[in-house]
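Just so we're aligned, residue 1383 is where the sequence shown starts under my numbering, counting upward by one. Glycine included, every Cβ here is placed at the ideal spot set by N, Cα and C. As the structure is a prediction and not an experimental result, all values here were calculated from the model. First comes the structure, then the notes that go with it.
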Amino acid sequence: MRSSPSSDGCYALVGDKHLLFSPSGRSFLMFGKQGRSWVSLFGPMGDAREWPDLVWRFVELAAAHGGRAAFYQVRPVALPLYLDCGLQAFKLGEHAHVTLPDFDLKGAKRANLRSGVNRGEREGLSFEVLPPAAVGAALPELRAVSDAWLGQQKSREKGFSVGRFDERYLQQLPVAVVRREGRIIAFANLLATDAKDEASIDLMRHLPESPPGTMDFLFAKIMLYLQAQGYQRFGLGMSPMAGMAERRRAPRWQRLGRLLFEHGERFYNFRGLHSFKDKFEPVWEARYLAAPGGVAPLFVLVDVAALIGGGVKGVIAK
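If you want it as structure tokens, here you go:
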């Protein structure tokens, strides 16, 4: 995982997923089980030469236990792996990333972001990246920020494709913090590997009373930090159901996804996520669900929602 060009494998550190390794141990996939669905998050990681066999093993293992295999949030380049197993691909949304060597705060296009960073500095905001060894001492402050953020959102901790505030998990990765008058008011944990190709973040939390633009300040500073460290790309995450077809003749799956994007934001704020990421002028790339055909994808998505929400009650309770 540490040598992988992708930061996706860091989600294995959350500790809420099963791991299936190749015989050599050079590749693995992580998955959750809910109902009849065996759902792999992101697909296989590690040595790409072993991916076809690992995908087949997972499909056969799920079938042997009466389950249906599915692969959630997979990249376009990997789709042939799943199609060869008889699965179908369904678009889930679009993932955003920023090309770090080209990123800066100069020019007219970055004026709003630049003014936000300058305003943050005038407001007394400071930025720091805590190495894993230093995270433990900051946990009480981080916990206070996290609890306040969850309270404001009227939400609970999630899982599976979303990390949760877990002390063991947080202490395995660097954490970027924003301070004001010495007090931590916002933080995000950094998902990064030794390959220094792609980095991303998982938890993003801030105090309700943080100055406007605090998260813009945090994101911009993280990107400049990673750029200085030699990373090539910064992942902003996925906007669910974004980029879906609007035409009447579009597949039913895409039309359903578009409706969810347009009308589901009162539950998930999909549009707000997409708009926030768009201000960094990212490159957007599709992400897919690979699953059996027929009605199976709908059942899989219900099970994925339960995995993320911590069960059916978690989905209903937000």
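Own chain, CB closer than 6 Å to residue i, minus 5 neighbours either side, in chain order
| i | result |
| --- | --- |
| L1689 | G1414, Q1416, F1542 |
| Q1470 | G1675 |
| C1392 | L1573 |
| V1665 | H1479 |
| I1604 | A1558 |
| E1388 | Residue identity differs from the one stated: residue 1388 is Ser in this sequence, not Glu. If we look at S1388 and ignore the five residues flanking it on each side, its Cβ neighbours are E1580. |
| F1403 | F1410 |
Beta carbon of residue i nearer than 9 Å to that of residue j
| i | j | result |
| --- | --- | --- |
| F1509 | F1616 | no |
| H1588 | A1568 | yes |
| K1540 | G1691 | yes |
| R1501 | P1593 | yes |
| Y1572 | L1608 | The residue you asked about is not Tyr; residue 1572 is Leu in the sequence shown. Going by C-beta atoms, L1572 is nearer than 9 Å to L1608. |
| A1452 | V1686 | yes |
| V1437 | L1474 | no |
| S1506 | E1432 | It is worth fixing the name first, because residue 1506 is Gly in this sequence and not Ser. No, the pair does not count as a contact, with Cβ atoms beyond the cut-off. |
| P1434 | D1466 | yes |
| E1476 | M1620 | yes |
| A1673 | F1472 | yes |
| V1557 | L1606 | no |
| K1661 | L1487 | no |
| Y1454 | S1409 | no |
Endpoints, the beta strand (DSSP E) within which residue i is located
| i | result |
| --- | --- |
| V1459 | Unbroken run through V1459: none, as it is neither H nor E. |
| L1474 | 1470 to 1481 |
| V1665 | 1665 to 1673 |
The alpha helix (DSSP H) enclosing residue i, as first and last residue numbers
| i | result |
| --- | --- |
| S1528 | 1514 to 1535 |
| L1680 | 1678 to 1691 |
| G1489 | Looking at the DSSP string, G1489 is not in any alpha helix (DSSP H), and its letter there is neither H nor E. |
| G1498 | 1493 to 1504 |
Short CB-CB distance (under 9 Å) between residue i and chain C
| i | result |
| --- | --- |
| H1477 | Absent from the structure: chain C. Only one protein chain is present. |
Residues near residue i in its chain [Cβ-Cβ closer than 7 Å; skip 5 each side]
| i | result |
| --- | --- |
| A1678 | R1450 |
| P1590 | A1530, Q1534 |
| A1699 | Low confidence applies here, because A1699 scores a pLDDT of 47, under 50, leaving its location unreliable and the question unanswered by this model. |
| V1697 | With a pLDDT of only 44 at V1697, under the threshold of 50, the placement of this residue in the model should not be trusted; the figure read from the coordinates follows. Closer than 7 Å at the Cβ level, and outside the excluded window around V1697, lie A1687, A1688, G1691. |
| A1526 | none |
| G1498 | G1595, D1598, F1599 |
Same chain only: Cβ atoms within 8 Å of residue i, ignoring 5 sequence neighbours per side
| i | result |
| --- | --- |
| L1683 | L1671 |
| T1596 | G1502, L1507, V1560, I1567, A1568, H1588 |
| E1663 | V1480, K1491 |
| R1418 | G1448, G1449, R1450, F1681, D1685 |
| message | Any contact between the stretch 1472 to 1483 and the stretch 1513 to 1530? By contact I mean 3 or more CB pairs, one from each, below 8 Å. | response | no
| query | Is the stretch 1450 to 1461 in contact with the stretch 1423 to 1430, if contact means three or more CB pairs nearer than 8 Å? | reply | yes
| Segment contact flag, the stretch 1399 to 1413 with the stretch 1545 to 1555, C-beta cutoff 8 Å, min 3 pairs | no
| task | Take every Cβ of the stretch 1438 to 1453, pair it with every Cβ of the stretch 1564 to 1582, and state whether three or more of those distances are shorter than 8 Å. | result | no
| message | Going residue by residue through the stretch 1388 to 1452, where are the continuous alpha helix (DSSP H) segments of at least 4 residues, counting only ones entirely within it? | response | 1433 to 1446
| task | Could you pull out every unbroken alpha helix (DSSP H) segment of at least 4 residues lying fully inside the stretch 1550 to 1617, listed in chain order? | result | 1596 to 1610
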